[in-house]
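FYI, in our numbering the residues of the sequence shown are 3 to 270. Virtual Cβ for every residue (Gly too), placed ideally from N, Cα, C. Working notes, beginning with the structure itself.
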Amino acid sequence: MRLAYSDTRHASILVLLHGFPLSREMWVEQLASIGPLYRVIAPDLRGHGQSESPSGAYTMEEMADDVVELLDRLEIKQPIVLGGLSMGGYVALSLVVRYPQRVRGLILCDTRAAADTPEAAKGREETARHVLQAGSGRSMIETMVPRLFGKTTREKHPQRVEVMLAVMERTSPQGIAGALRGMAIRTDRRGDLKRITVPTLVLVGEEDVISPPAEARELAASIPNARLEIIPAAGHLAPYENPAATNDAIVRYLHHLDWPAIPLRAPS
Ligand code: MLT
Numbered sequence: 003m004r005l006a007y008s009d010t011r012h013a014s015i016l017v018l019l020h021g022f023p024l025s026r027e028m029w030v031e032q033l034a035s036i037g038p039l040y041r042v043i044a045p046d047l048r049g050h051g052q053s054e055s056p057s058g059a060y061t062m063e064e065m066a067d068d069v070v071e072l073l074d075r076l077e078i079k080q081p082i083v084l085g086g087l088s089m090g091g092y093v094a095l096s097l098v099v100r101y102p103q104r105v106r107g108l109i110l111c112d113t114r115a116a117a118d119t120p121e122a123a124k125g126r127e128e129t130a131r132h133v134l135q136a137g138s139g140r141s142m143i144e145t146m147v148p149r150l151f152g153k154t155t156r157e158k159h160p161q162r163v164e165v166m167l168a169v170m171e172r173t174s175p176q177g178i179a180g181a182l183r184g185m186a187i188r189t190d191r192r193g194d195l196k197r198i199t200v201p202t203l204v205l206v207g208e209e210d211v212i213s214p215p216a217e218a219r220e221l222a223a224s225i226p227n228a229r230l231e232i233i234p235a236a237g238h239l240a241p242y243e244n245p246a247a248t249n250d251a252i253v254r255y256l257h258h259l260d261w262p263a264i265p266l267r268a269p270s
């Protein structure tokens with residue numbers, strides 16, 4: 003008897019890159035809910051979580067190369083779906099532009115393609131110096147919190163803010179400084195967006211004040227095959243703040259991406 007079968011071996015591998023100064027722990031809800039459906043890999047970018055924190059500026063290109071090195075180490079040859087939030091989005095853009103053959107789909111969350119303005123870059127350098135001198139990122143993190151989380155999360159789920167605060171406080175001063183200095187010198191990727199041909203999902207928290215919905219709309223409009231989804235009741239950390247809506251958007255996107263690739267085979 004030759005049985006008919008479905009084979010999901012083409013199903014997506016999803017790689018998720020966290021924001022600054024967080025770690026893969028921000029994807030806890032995606033690992034839990036999407037992990038059983040697809041293979042989900044969430045690395046700690048250099049300087050964050052349990053990865054090493056070398057000295058110097060961490061360019062987005064170096065961070066993207068680290069991710070490619072991880073894929074090679076895991077012997078992942080098939081093109082992946084790459085998602086990145088904020089700084090993770092800058093890294094994802096660097097990776098997709100420089101290694102287009104490694105990526106079959108792109109998810110950009112609460113991020114932008116533009117480089118820092120000279121004022122913003124100067125501010126990052128001052129913060130990096132201050133964090134290294136103080137030997138702690140605490141004061142920087144405290145000023146970031148009101149802008150990182152949406153009003154809804156701050157008012158209704160303060161305990162969720164506390165969990166991420168603890169994650170951020172575990173990031174070393176050297177890791178914080180390296181990422182700040184790397185983001186300050188990052189390449190403006192706006193000119194590259196039209197070359198991104200893979201299906202792209204742009205996600206943004208409706209309460210994001212760091213990379214707000216208007217900017218996400220512009221980003222989606224600049225990428226040829228992109229769709230925008232606004233995540234309600236969430237700020238800059240939309241996947242963490244409203245995981246149900248985010249996971250739903252990601253799974254719908256992945257389903258569409260995989261549907262044509264899953265072969266329905268009749269007995270031969
Ligand atoms: C992030 O969440 O990764 C940061 O807001 C990125 C940035 O500072 O540009």
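Beta-bridge pairing of residue i - partner residues as DSSP gives them
i	result
Gly49	Gly49 pairs with nothing; no bridge assigned.
Val206	Ile232
Tyr40	Per DSSP, none; premise fails for Tyr40.
Cβ-Cβ distance between residue i and residue j below 9 Å
i	j	result
Tyr92	Arg114	yes
Pro56	Arg48	yes
Pro201	Leu259	yes
Ile36	Val17	no
His50	Ser88	no
Asp74	Leu205	no
Glu231	Leu195	no
Gly125	Leu19	no
Ala116	Arg192	yes
Ala130	Leu108	no
Thr155	Glu77	no
Arg149	Val98	no
Sequence-distant residues of the same chain with beta carbon closer than 6 Å to residue i, five excluded per side
i	result
Asp118	Ala186
Pro23	Met170, Thr173, Ile178
Asp68	Arg48
Asp46	Ser25, Arg26, Gln52, Ser53
Glu63	Ser96
Rounded Cβ spacing between residue i and residue j (contact assumed at less than 8 Å)
i	j	result
Ile252	Ile225	Ile252 to Ile225, Cβ: 17 Å. No contact.
Val70	Arg104	7 Å
Ala218	Pro234	No, Ala218 and Pro234 are not in contact; Cβ-Cβ is about 14 Å, not under 8 Å.
Cβ-based neighbour list, residue i, same chain, cut-off 8 Å, excluding 5 preceding and 5 following
i	result
Glu54	Arg48
Ala59	Gly180, Arg183, Gly184, Ala186, Ile187
Ala222	Thr202, Val204, Ala228, Arg229, Leu230
Cut-off 7 Å between Cβ atoms - residues of its own chain near residue i, not counting five sequence neighbours on either side
i	result
Pro81	Gln103, Arg104, Val105, Arg106
Trp29	Leu18, His20, Ala44, Pro241
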